[in-house]
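Worksheet for the structure shown next.
Residue numbers (the working numbering): 1401 to 1742.
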């Protein structure tokens, strides 16, 4: 693991503070249906901005927080983001996007509203140079690592619950430093380890799950098939969007599969998750080709996701098209479909 090129961390923090000059109330907006990385980064940024600038900060999201571990993280660590609906953003004169970017299609940034800051670890896909502050580091395994650096450099004291959230975010996002983690993620993880509430982390990881969790896995396994080096499944209608990504992660453990794709219908859109165990893969590029002309997608090396609003389109027809495109990208032409279970 090589050490990255030195960066002027103090200058970054100064520019971050300057981006909120004269503001009184800021919303730190995570992507829709946020995961631990988005939530932990948002709360840590809110805490640091309040310390550095004195402005009031709230953490917001749209969609739902569905995965049991994510709900448990908020409960165990007493973190309470607000759910953004309607014109709620108008109450804030400043806005920061974390773990997402304008134009990604997975956040509720209103059209025409420019954020004061964008902080993310996913590859940049459009020109953001006109924004007051942009810190996009796609060599990092977690956005939480970036935001933790702000707190360290800026001298912002973080309470134990936020330190624990950051630790769990890096732990889960990089799968114990085994997926996309770089030198900075390792350093942050080791710094946070003795400061985090390990009992709370254990309870988060072992969060109770509802019956529909097992039903989703049943459908996912029954519908799964292996074609060449990719295992693909269709959950049909789901009441929790996080199931799509979670089952893709699960299926990647299949012997003989280097890639896993999972899709499902949620709130009028086809959701798609793509995962890989291959090193130096380009899941984000592949999934953008798969959904081209149909919807939006993004991601990075080992993990990616997409969303296709259906409108009047039939879910089954669009799902069949996506399956064919996945096979074209990742399975050779002669590979036959093999059901995962009889």
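Backbone N, C-alpha and C define an ideal beta-carbon position, used for all residues, glycine too.
Considering residue 1485, what are the terminal residues of the beta strand (DSSP E) in which it resides?
On the chain shown, position 85 is the one that residue 1485 refers to. Annotation: residue 1485 is outside any beta strand (DSSP E) and is labelled neither H nor E by DSSP.
CA-to-CA distance, residue 1728 to residue 1455, given in whole angstroms:
Translated into positions along the chain shown, residue 1455 becomes position 55. Translated into positions along the chain shown, residue 1728 becomes position 328. Taking the straight line joining both Cα atoms gives about 51 Å.
Buried or exposed for residue 1590, please, with buried defined as at least 16 other CB atoms from any protein chain shown within 10 angstroms of its CB.
Reading the chain shown from its first residue, position 190 is the one you call residue 1590. With fewer than 16 Cβ atoms within 10 Å of its Cβ, residue 1590 is classed as exposed.
Under 8 Å between C-beta atoms of residue 1664 and residue 1643:
By 1-based counting over the chain shown, the position of residue 1664 is 264. By 1-based counting over the chain shown, the position of residue 1643 is 243. At a Cβ-Cβ threshold of 8 Å, residue 1664 and residue 1643 count as neighbours.
Thinking just about the alpha-carbon of each residue, which of 1543, 1489, 1463 is nearest to the one in residue 1437?
Locating residue 1437 in the chain shown gives position 37, counting from the first residue. Nearest option by C-alpha distance: 1543.
Is residue 1598 buried or exposed, if buried means 16 or more other CB atoms sit within 10 Å of its CB?
Start at 1 with the first residue of the chain shown, and residue 1598 comes out as number 198. Looking at its Cβ environment, which holds fewer than 16 other Cβ atoms inside 10 Å, residue 1598 is exposed.
Looking at the structure shown, is residue 1629 part of a helix, part of a strand, or coil, going by DSSP?
One-based indexing of the chain shown puts residue 1629 at position 229. The answer is coil: DSSP assigns residue 1629 none of H, G, I, E or B.
How about the region 1669-1685 and the region 1710-1728: do they share at least three Cβ pairs that are nearer than 8 Å?
yes
Nearest neighbour of residue 1540, chosen from 1408, 1448, 1570 [CA to CA]
Taking the first residue of the chain shown as position 1, residue 1540 is located at position 140. Among 1408, 1448, 1570, the Cα nearest to that of residue 1540 belongs to 1570.
Nearest CA to the CA of residue 1585: which residue from 1476, 1537, 1632, 1446?
Locating residue 1585 in the chain shown gives position 185, counting from the first residue. For the residues 1476, 1537, 1632, 1446, the minimum Cα distance to residue 1585 belongs to 1537.
Rounding to the nearest angstrom, what Cα-Cα distance links residue 1404 and residue 1450 in this structure?
In the chain shown, counting from the first residue as 1, residue 1404 sits at position 4. In the chain shown, counting from the first residue as 1, residue 1450 sits at position 50. In this predicted model, residue 1404 has a pLDDT of only 44, less than 50, meaning its place in the structure is not dependable; the value taken from the coordinates is given anyway. So the alpha carbons of these two residues sit roughly 29 Å apart.
Report the residue from 1413, 1458, 1578, 1683 whose alpha carbon sits nearest the alpha carbon of residue 1452.
By one-based count along the chain shown, residue 1452 stands at place 52. Of the candidates 1413, 1458, 1578, 1683, the one whose C-alpha sits nearest the C-alpha of residue 1452 is 1413.
Tell me, to the nearest whole angstrom, how far the beta carbon of residue 1620 is from that of residue 1647; I am working on the premise that it is less than 8 Å.
Mapped onto the chain shown, residue 1620 falls at position 220. Mapped onto the chain shown, residue 1647 falls at position 247. Contact flag correct, Cβ pair sits at about 4 Å.
Just reading off the beta strand (DSSP E) that residue 1492 is part of, what are its end residues?
Translated into the one-based positions of the chain shown, residue 1492 becomes position 92. No beta strand (DSSP E) holds residue 1492; DSSP gives it neither H nor E.
Measure from the alpha carbon of residue 1525 to the alpha carbon of each residue in 1684, 1719, 1718, then state which is nearest.
To locate residue 1525, count along the chain shown from 1; it is residue 125. Considering only alpha carbons, the answer is 1684.
Would you call residue 1549 buried or exposed, if buried means 16 or more other Cβ atoms sit within 10 Å of its Cβ?
Residue 1549 sits at position 149 when you count from the first residue of the chain shown. Buried, by the Cβ-count rule.
To which residues does DSSP link residue 1662 through a beta bridge?
Translated into the one-based positions of the chain shown, residue 1662 becomes position 262. 1633, 1673, per the DSSP bridge assignment.
Where does the unbroken alpha helix (DSSP H) through residue 1610 begin, and where does it stop?
For this step, residue 1610 is matched to residue 210 along the chain shown. It is not in any alpha helix (DSSP H) - residue 1610 carries neither H nor E in the DSSP assignment.
From 1593, 1641, 1696, residue whose alpha carbon lies closest to that of residue 1743:
Lying before the first or after the last residue shown, residue 1743 is absent from the chain, which here runs from 1401 to 1742.
Strand pairing of residue 1705, partner residues [DSSP]:
For the purposes of this step, residue 1705 is identified with residue 305 of the chain shown, where counting begins at 1. According to DSSP, which records beta bridges pairwise, residue 1705 is partnered with 1673, 1698.
For the region 1431-1484, list the alpha helix (DSSP H) runs that are entirely contained and at least 4 residues long, ordered along the chain.
1436-1453, 1468-1476
Given residue 1547, which residues of its chain have a CB within under 6 Å of its CB, disregarding the five upstream and five downstream residues?
The count along the chain shown starts at 1 and reaches residue 1547 at position 147. The residues are 1441, 1444, 1445.
Check whether the Cβ atoms of residue 1534 and residue 1553 lie closer than 8 Å to each other.
In the chain shown, residue 1534 corresponds to position 134, counting from 1. In the chain shown, residue 1553 corresponds to position 153, counting from 1. No, these two residues do not count as a Cβ contact at 8 Å.
Would a C-beta distance cut-off of 8 Å place residue 1497 and residue 1625 closer than the cut-off?
The residue labelled residue 1497 in the question sits at position 97 within the chain shown. The residue labelled residue 1625 in the question sits at position 225 within the chain shown. At the C-beta level, residue 1497 and residue 1625 stay beyond 8 Å of one another.
When the Cα of residue 1420 is compared with those of 1448, 1479, 1649, 1527, which residue comes out closest?
To locate residue 1420, count along the chain shown from 1; it is residue 20. Of the listed residues, the one whose Cα sits closest to residue 1420 is 1448.
Take residue 1515 as the anchor and find which of 1463, 1462, 1428 has the nearest alpha-carbon.
Position 115 of the chain shown, counting from 1, holds the residue named residue 1515. Ranking 1463, 1462, 1428 by Cα distance to residue 1515 puts 1428 first.
Unbroken stretches of the beta strand (DSSP E), 3 residues or longer, contained in the region 1503-1578:
1517-1520, 1533-1536
Out of curiosity, what's the CA-to-CA distance linking residue 1682 and residue 1522?
What you label residue 1682 is simply residue 282 of the chain shown in a count that begins at 1. What you label residue 1522 is simply residue 122 of the chain shown in a count that begins at 1. So the alpha carbons of these two residues sit roughly 12 Å apart.
Quick check on the burial criterion: 16 or more other C-beta atoms within 10 angstroms. Buried or exposed for residue 1614?
Walking along the chain shown from the start, residue 1614 turns up at place 214. Counting Cβ neighbours within 10 Å, residue 1614 comes out exposed, since fewer than 16 surround it.
Would you mind reading off the limits of the alpha helix (DSSP H) that contains residue 1729?
Stepping through the chain shown from its first residue, residue 1729 is reached at position 329. Counting along the chain, the alpha helix (DSSP H) containing residue 1729 begins and ends at 1715-1730.
Please name the residue, chosen from 1485, 1477, 1573, that lies closest to residue 1700 on a Cα-to-Cα basis.
Position 300 of the chain shown, counted from the start, is the residue given in the question as residue 1700. With distances taken between Cα atoms, residue 1700 lies closest to 1573.
Should residue 1529 be labelled buried (16 or more other beta-carbon atoms within 10 Å of its own) or exposed?
In the chain shown, residue 1529 corresponds to position 129, counting from 1. Exposed, because fewer than 16 other Cβ atoms sit within 10 Å of the Cβ of residue 1529.
Can you determine whether any heavy atom of the ligand MN sits closer than 7 Å to the C-beta of residue 1606, and answer yes or no?
What this structure holds is no ligand at all, so the ligand MN is not there to describe.
If you draw a straight line from the alpha carbon of residue 1431 to that of residue 1489, how long is it in whole angstroms?
Position 31 of the chain shown, counted from the first residue, corresponds to residue 1431. Position 89 of the chain shown, counted from the first residue, corresponds to residue 1489. Computed Cα separation, rounded: 14 Å.
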